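A quick write-up on the structure given underneath.
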DNA sequence: ATACTTAGTAGTAGTTTGCTACTAAGTATA
DNA sequence: TATACTTAGTAGCAAACTACTACTAAGTAT
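Chains as they are written, first to last, in the working numbering: chain S, 7 to 237; chain C, 7 to 237.
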């Protein structure tokens, strides 16, 4: 038995844990090299010491679940003001070998652009792993949680605008189409795609810098329509 | 201050509750008189004594969340083997005035038919209230939870087969169309509707009993295709 | 017979989707 | 300077789906 594991068992008192604890776990997605990637960190403690895991934290009595997510993003990844949404609550009895922990999973989306802005060294980016190449163990039920997140964003890409969250404010239509294709996991027809998103974007008068071929026009997301009245 | 309320406050010891408790709350839908209705019960205890509330229960350390839902359905409504699915987890700090309770909300669907089968007196059916006529107070954040459930089944009716859960095994196409129209909240065109669901149903050779007009053919849901291979 | 009610089908215009083929604007190189 | 190469962007058509009107079918009521 490893040292850390023994220490954990010695300090474990069941009566401390006789009702479920609640944690949040965060599936933070971004795009790198045309692939969907997810933030993972080796665990520092038992169980699963050294195994890659999603960032998470216990929910404090005095904070809402959403606030726990914001705190987790800020404390563990130094990220702020990004899109996140509740995913699913995982509550199998034995999902954590220590004690009963119910995990409210959230997913979050951030552009690689914003990650570099927050952390110019690019260190954060090295913690992201392509979801299609996770041929390594994950702690707890975190593989299930990631898969649940991938399925959710694939579904939501069809009828919401979450794809924009993975791009900077300035983007080209080939870039935007690539994001949709990655999220949906299938190729799209250029002409149809453009007709469909035409009313969600506004063209700027700028073009991409010359790059060995025809430059592309730069677009922005159209601001959400005001819910206006006369008030 | 009412008697029950004082008693509650006298017995309240904060230190008993210094981590969030986890409960499940259940939004059980059925159809009555062409309206979507939800199961509600007056609360027997403070807070919100006498106010209508969703059935719910605390999650025990030794059961999964889904098992807590099954137990709640069985103990509180005497229902078994019906369709249910996780809805959303509600965790505002002050959603329960007693203490911090995080509620994992589920929705469930049952045919009025099955309710009568389980409880031939029809007593259970009197606990269902039309979701469009809930002009009375609800306990806690239960109105929000019900609205969340209504929105979810409206969305899922579009791309899943949940509508069938609200009908008995034998149904007619006008009945099925009515269910879709109630869930989606909009009228559908008969001919188009029939083309679209044609591959999800099988006709029987039976017709509805004469009822003052042309009888209708009885259909069943087509069994889900086997995920077969050669094994 | 005929009127009334609900069940069910035919057909058509307009829109969306799947797909092929083209033109446009840059660079690289012969 | 022509032409090949690359990526950006548009045109257009057939098939499928949607919105809608109009019909026929099968029962009951008078």
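Backbone N, C-alpha and C define an ideal beta-carbon position, used for all residues, glycine too.
Every value quoted in this text rests on a predicted model; they were computed, and no experiment measured them.
- What residues of chain C sit near residue 238 (chain S), judged by a beta carbon separation below 8 Å? A query on residue 238 (chain S) cannot be resolved here, the shown segment of chain S reaching from 7 to 237 and no further.
- Please list the segments of the beta strand (DSSP E) lying wholly inside the stretch 46-99 of chain S, counting only runs of 3 or more residues, in order along the chain. 62-64, 89-96
- Task: Give the C-beta separation of residue 152 (chain C) and residue 44 (chain C) to the nearest angstrom, bearing in mind that I take them to be a contact with Cβ-Cβ under 8 Å.
- Result: 6 Å
- Task: Compute the Euclidean distance between the alpha carbons of residue 109 (chain C) and residue 31 (chain C), then round it to the nearest angstrom.
- Result: 6 Å
- Inter-residue spacing [alpha-carbon to alpha-carbon] between residue 200 (chain S) and residue 173 (chain S): 17 Å
- Item | Outcome for residue 111 (chain C) when other beta-carbon atoms lying within 10 angstroms are tallied against a minimum of 16 | buried
- Select from C:213, C:161, C:155, C:220 the residue whose C-alpha is nearest the C-alpha of residue 226 (chain C). C:213
- Query: Between which two residues does the beta strand (DSSP E) containing residue 196 (chain S) stretch?
  - Reply: No beta strand (DSSP E) contains residue 196 (chain S), which is instead part of the alpha helix (DSSP H) from 196-203.
- Can you name the start and end residues of the alpha helix (DSSP H) that residue 159 (chain C) belongs to? 148-165
- Query: Is there a Cβ from chain S that is less than 9 Å from the Cβ of residue 95 (chain C)?
  - Reply: yes
- Query: Are the C-beta atoms of residue 103 (chain S) and some chain C residue less than 9 Å apart?
  - Reply: no
- Would you say residue 117 (chain C) faces chain S, with C-beta separation under 9 Å as the test? no
- Item | residue 89 (chain S) vs residue 171 (chain S) beta-carbon contact at 9 Å | yes
- Query: If contact means a Cβ-Cβ distance below 8 Å, which residues of the stretch 130-164 of chain S contact chain C?
  - Reply: none
- Message: Can you give me the C-alpha to C-alpha distance between residue 41 (chain S) and residue 189 (chain S), rounded to a whole angstrom?
- Response: 9 Å
- Using the C-alpha atoms, what's the distance from residue 33 (chain C) back to residue 176 (chain S)? 43 Å
- Where do the ends of the beta strand (DSSP E) carrying residue 217 (chain C) lie? It is not in any beta strand (DSSP E) - residue 217 (chain C) carries neither H nor E in the DSSP assignment.
- Query: From the DSSP output, which residues share a beta bridge with residue 223 (chain C)?
  - Reply: C:213
- Message: Can you confirm whether residue 226 (chain S), when its beta carbon is compared against all beta carbons of chain C, has any partner nearer than 9 Å?
- Response: no
- Would you say residue 76 (chain S) reaches chain C, if we count a Cβ-Cβ gap shorter than 9 Å as a contact? no
- Message: With a threshold of 9 Å between beta carbons, is residue 26 (chain C) in contact with chain S?
- Response: yes
- Message: Closest to residue 3 (chain S) by C-alpha separation, out of S:55, S:79, S:57, would be which residue?
- Response: Any answer about residue 3 (chain S) is impossible in this case: the structure gives chain S only from 7 up to 237.
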